[in-house]
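First to last, the protein sequences are chains A and B.
So the mapping is simple: the working numbering equals the position in the first sequence, first residue as 1, plus 232.
So the mapping is simple: the working numbering equals the position in the second sequence, first residue as 1, plus 150.
Worksheet: the structure to be examined is printed underneath.
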Amino acid sequence: MSTIAATPPPETRERRYLLDREGVLGPLMLLPAVVYIIALVGFPLGLAIAYSLSDVTIGDQGLDWVGFRNFVDVAKNGTFQKALRNTFLFTLASQVLVLTLANILALVLSSDFKGKRLVRFLILLPWTTPIALGAIGWLWLLDSVYSPIDWVLRQVNLLGPGTIFGPRGNMYWTAKADLAQLSVLLIHTWRTLPLATVILLAGLTAIPQDVKDAANVDGAGFWRQLIYIRIPLLLPIMAVATLFGMVFTFTDMTVVYVLTRGGPIDNTQVLASWAYFKGIEGGNLAQGAAIAMFLFPVLVGVAVLMLRMARRTETT
Amino acid sequence: MAVVETRGLVKQFGEGAAAVDGIDLASADGEFLVLLGPSGCGKTTLLRMIGGLEPPTAGDVLIGGRVVTNLPPRARQIAMVFQSYALYPHMSVANNIAFPLKAAKVPKAEQEKKVAWAAGILGIEGLLDRRPRQLSGGQRQRVALARALVREPNVFLLDEPLSNLDAQRRASARDELQGFQRRVGTTTIYVTHDQVEAMGMGDRIAVINQGRIRQLGTPREIYDDPADTFVATFLGSPPMNLIPRNGHLLGFRPEHVAPRQMLEGAGGDLVPIHFLATREEYLGAERLVYGEVEGAKAVARFPSTVDVPAEPGRGYEFAVLARDLKRFDAATGLRVAGPA
Ligand SMILES: Nc1ncnc2c1ncn2[C@@H]1O[C@H](COP(=O)(O)OP(=O)(O)O)[C@@H](O)[C@H]1O
Ligand SMILES: [Mg+2]
Numbered sequence: 233m234s235t236i237a238a239t240p241p242p243e244t245r246e247r248r249y250l251l252d253r254e255g256v257l258g259p260l261m262l263l264p265a266v267v268y269i270i271a272l273v274g275f276p277l278g279l280a281i282a283y284s285l286s287d288v289t290i291g292d293q294g295l296d297w298v299g300f301r302n303f304v305d306v307a308k309n310g311t312f313q314k315a316l317r318n319t320f321l322f323t324l325a326s327q328v329l330v331l332t333l334a335n336i337l338a339l340v341l342s343s344d345f346k347g348k349r350l351v352r353f354l355i356l357l358p359w360t361t362p363i364a365l366g367a368i369g370w371l372w373l374l375d376s377v378y379s380p381i382d383w384v385l386r387q388v389n390l391l392g393p394g395t396i397f398g399p400r401g402n403m404y405w406t407a408k409a410d411l412a413q414l415s416v417l418l419i420h421t422w423r424t425l426p427l428a429t430v431i432l433l434a435g436l437t438a439i440p441q442d443v444k445d446a447a448n449v450d451g452a453g454f455w456r457q458l459i460y461i462r463i464p465l466l467l468p469i470m471a472v473a474t475l476f477g478m479v480f481t482f483t484d485m486t487v488v489y490v491l492t493r494g495g496p497i498d499n500t501q502v503l504a505s506w507a508y509f510k511g512i513e514g515g516n517l518a519q520g521a522a523i524a525m526f527l528f529p530v531l532v533g534v535a536v537l538m539l540r541m542a543r544r545t546e547t548t
Numbered sequence: 151m152a153v154v155e156t157r158g159l160v161k162q163f164g165e166g167a168a169a170v171d172g173i174d175l176a177s178a179d180g181e182f183l184v185l186l187g188p189s190g191c192g193k194t195t196l197l198r199m200i201g202g203l204e205p206p207t208a209g210d211v212l213i214g215g216r217v218v219t220n221l222p223p224r225a226r227q228i229a230m231v232f233q234s235y236a237l238y239p240h241m242s243v244a245n246n247i248a249f250p251l252k253a254a255k256v257p258k259a260e261q262e263k264k265v266a267w268a269a270g271i272l273g274i275e276g277l278l279d280r281r282p283r284q285l286s287g288g289q290r291q292r293v294a295l296a297r298a299l300v301r302e303p304n305v306f307l308l309d310e311p312l313s314n315l316d317a318q319r320r321a322s323a324r325d326e327l328q329g330f331q332r333r334v335g336t337t338t339i340y341v342t343h344d345q346v347e348a349m350g351m352g353d354r355i356a357v358i359n360q361g362r363i364r365q366l367g368t369p370r371e372i373y374d375d376p377a378d379t380f381v382a383t384f385l386g387s388p389p390m391n392l393i394p395r396n397g398h399l400l401g402f403r404p405e406h407v408a409p410r411q412m413l414e415g416a417g418g419d420l421v422p423i424h425f426l427a428t429r430e431e432y433l434g435a436e437r438l439v440y441g442e443v444e445g446a447k448a449v450a451r452f453p454s455t456v457d458v459p460a461e462p463g464r465g466y467e468f469a470v471l472a473r474d475l476k477r478f479d480a481a482t483g484l485r486v487a488g489p490a
């Protein structure tokens with residue numbers, strides 16, 4: 233018989249196992265996230281709300297309560313109508329385009345062909361480029377004098393005297409209202425397409441091979457499989473991709489800021505860029521905050537939808 | 151109804167050994183043919199090639215006498231039930247069953263009739279409005295069968311359809327599946343790694359190992375007359391005992407071992423076996439006695455109703471009827487004719 237080693241006094245034992253207790257460890261591990269959210273999300277949001285209800289400017293930083301006057305002023309401004317319309321137009325139109333193109337791309341990329349990896353890499357590139365750099369690149373591509381796109385159009389006889397796109401030698405992409413809007417729209421599409429494609433590609437590969445095989449055996453051809461099997465099974469993930477793209481486009485100010493600065497005559501102005509121009513460049517922090525607040529309800533709606541979908545995929 | 155035939159079928163995935171290595175197989179019309187083999191032996195690959203889901207590296211598949219090697223699955227008039235059942239998760243049971251009919255552009259009224267008929271045969275009329283995820287394993291299996299049945303295919307291909315069921319459910323499902331196949335009389339190729347399923351359901355069994363057919367025959371032939379040591383040891387639990395003697399392997403089933411005096415009245419020559427018992431397992435209906443014969447491990451199996459003394463650590467004079475002894479070539483494992 234050997235003697236049992238003396239048990240240490242209870243206090244040290246408890247302290248040693250303190251981190252094994254969920255009630256202690258859980259809050260401890262959550263703490264950094266909570267601090268982060270309060271410091272970087274909660275505080276700025278609270279500040280923005282406070283600003284939007286005050287008369288703060290860069291010159292006079294006192295927070296004097298003015299109620300909803302900023303919101304009323306903003307809503308009465310003619311630019312607000314344009315910015316609101318453009319924000320929704322760019323977001324919805326680009327996401328419709330993205331969804332269509334991403335489906336086609338994902339379908340093509342999910343099949344086996346030589347150089348598939350290279351093509352996937354190239355398609356992902358726009359997503360990895362910082363948005364400001366991408367927008368500057370487009371600024372050059374759409375230059376009113378030296379645009380390479382115009383040059384190509386001239387070479388293939390689509391631009392210049394006696395052609396479809398008119399007698400002048402340039403398109404003036406960013407100077408004409410409709411072309412400027414089209415440009416912003418296409419840059420947003422170019423930018424969010426890669427992520428949507430990759431998400432859909434993941435969704436396509438997640439469809440069990442057995443299900444595809446069963447559809448083959450059951451006699452379904454390509455279109456029937458696409459319409460009755462693939463697309464319905466992809467719907468949830470398509471919604472995720474669209475919501476992501478919507479948030480990115482809806483809140484983006486960089487493209488407009490770099491490409492058109494909202495012009496010509498506010499025709500490409502969006503809420504985010506207008507808030508920046510008013511609040512930071514114009515110095516009227518209160519009105520800038522009020523403009524940005526108009527984004528809030530839509531973003532809350534999207535966030536709720538995302539959380540719901542996340543929960544649904546968790547439970548099934 | 152149709153006969154399925156494969157000629158020199160080979161499938162090579164990348165480098166290394168072929169997954170299916172030259173299989174010649176022909177079913178009879180309306181037959182329940184089982185492909186039996188250990189996991190990874192190429193059963194699924196063979197079945198998928200028959201179904202047209204996997205292009206063969208070499209060889210041909212014939213259905214109803216017609217070469218279909220280069221036809222897509224939908225041109226082969228086959229139906230397949232997958233191990234996972236592969237139901238369409240976003241469709242109701244009714245739509246799952248109707249899917250092959252829709253693909254074949256069967257008129258709506260006819261579709262409904264057929265769905266009701268197939269659901270009736272499998273007893274799932276009450277589930278038609280449910281989604282697959284609201285069904286139990288057994289119910290899913292029936293829906294998969296109904297979907298396979300509804301188009302009245304020439305051939306059923308089934309890949310381990312019972313492996314997702316619990317043991318009790320599996321026994322009754324075996325019974326139902328075989329009864330179902332007898333009723334519809336469609337040629338069926340059934341893949342399994344479970345010898346009980348194979349023995350219990352198959353008209354004939356093709357035992358496969360490493361991409362080749364080791365033996366094709368009725369359950370009785372395969373069990374009583376194994377063509378080689380692989381078949382001899384793959385079937386039966388515990389498997390056949392193999393004792394090296396004079397450059398051969400001597401094979402006998404555990405249930406054929408008995409004390410010598412008990413076999414003397416059985417009629418037939420006896421071959422004595424000196425059995426050194428080492429361990430005993432009591433399994434209720436039977437007893438397994440583990441031990442050694444001429445230095446090789448061996449097992450004897452006695453019904454609990456018979457009182458055979460077999461104490462661990464002691465040697466016994468057992469025997470086997472000469473006609474129950476099989477001889478195999480020690481080098482190739484193949485069966486050799488002649489007396490033990
Ligand atoms: N798509 C595939 N690619 C590469 N190897 C495969 C593929 N499918 C099966 N194999 C290989 O072929 C062999 C036979 O597989 P399989 O037919 O699934 O066996 P079983 O169904 O008898 O368990 C295995 O070694 C497996 O790893
Ligand atoms: Mg398999």
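A virtual CB, placed ideally from N, CA and C, is assigned to each residue, including glycine.
Set against 8 Å, the gap from the CB of residue 481 of chain B to the closest heavy atom of ligand 1 is not smaller. Exclusion of the five residues before and after residue 358 of chain A leaves 366, 422, 423, 425 and 426 as the residues of its chain whose Cβ lies within less than 8 Å of its Cβ.
Within chain B, the residues whose beta carbon sits less than 7 Å from that of residue 461 of chain A are 238, listed in sequence order. When rounded, the separation of the alpha-carbon atoms in residue 297 of chain B and residue 153 of chain B is 21 Å.
Residue-level contact check: residue 365 of chain B does not touch chain A, since none of the beta carbons of chain A fall below 9 Å from its beta carbon. At a beta-carbon threshold of 8 Å, the residues of chain A lying near residue 203 of chain B are 445, 448 and 449, ordered along the chain. Here the stretch 407-419 of chain B lies against the stretch 460-473 of chain B, with 3 or more beta-carbon pairs under 8 Å apart.
In this structure, residue 380 of chain B and residue 483 of chain B form a Cβ contact; the two beta carbons are roughly 6 Å apart against a cut-off of 8 Å. Think of a sphere of 7 Å around the beta carbon of residue 228 of chain B: the chain A residues whose beta carbon falls inside it are 449, in chain order. Relative to ligand 2, even the nearest heavy atom lies 8 Å or more away from the CB of residue 326 of chain B. Taking a C-beta cut-off of 7 Å against chain A, the contacting residues of the stretch 241-262 of chain B are 249, 250, 253 and 254, listed in chain order.
Residue range 369-374 is occupied by the alpha helix (DSSP H) that includes residue 373 of chain B. The C-beta of residue 232 of chain B comes closer than 9 Å to at least one C-beta of chain A. For residue 440 of chain A, at least one C-beta of chain B is nearer than 9 Å to its own C-beta. Per DSSP, residue 454 of chain A is one residue of the alpha helix (DSSP H) stretching across 454-457. In this structure, residue 183 of chain B has its beta carbon at no less than 8 Å from each heavy atom of ligand 1. Three or more beta-carbon pairs separated by less than 8 Å are not found between the stretch 431-450 of chain A and the stretch 484-501 of chain A, which leaves the two stretches without contact.
Listed by position along chain B, the residues whose Cβ is nearer than 9 Å to that of residue 465 of chain A are 238, 239 and 240. Non-local C-beta neighbours of residue 390 of chain A in its own chain, meaning closer than 8 Å and more than five positions away in sequence, comprise 396 and 397, ordered along the chain.
The CB of residue 223 of chain B comes closer than 7 Å to the CB of 448 and 449 in chain A, given here in chain order.
Neighbourhood of residue 452 of chain A in chain B, by CB distance below 9 Å: 224, 249, 250, 252 and 253, in chain order.
In terms of CA proximity to residue 477 of chain A, A/329 leads the group A/316, A/329, A/298 and A/297. Comparing alpha-carbon positions, the option among B/196, B/165, B/164 and B/477 lying closest to residue 363 of chain B turns out to be B/196.
According to the DSSP assignment, residue 263 of chain B belongs to the alpha helix (DSSP H) that extends over 258-272. As computed with DSSP, residue 465 of chain B is found in a beta bridge with B/426.
For chain B, none of the residues of the stretch 343-360 of chain A brings a beta carbon within less than 7 Å of one of its beta carbons. In this structure, residue 340 of chain B places its C-beta atom within 9 Å of the C-beta atom of residue 185 of chain B. Secondary structure note for residue 458 of chain B: it is in no alpha helix (DSSP H), with a DSSP letter that is neither H nor E. Beta bridge pairing from DSSP links residue 401 of chain B with B/392 and B/476. Closest in C-alpha terms to residue 445 of chain B, from the list B/400, B/355, B/383 and B/347, comes B/400. Close to residue 456 of chain A, with beta-carbon spacing below 7 Å, are these residues of chain B in chain order: 253. Taking the CA atoms as reference points, residue 179 of chain B sits about 35 Å from residue 439 of chain A. One Cα belongs to residue 383 of chain A, the other to residue 408 of chain A, and the distance between them is close to 18 Å. Residue 335 of chain A is not a Cβ neighbour of residue 431 of chain A, given a cutoff of 9 Å. The count of Cβ pairs closer than 8 Å, one atom from the stretch 266-281 of chain B and one from the stretch 311-324 of chain B, stays below three, leaving the stretches out of contact. Residue 272 of chain B sits away from residue 230 of chain B, with the two beta carbons spaced by 9 Å or more.
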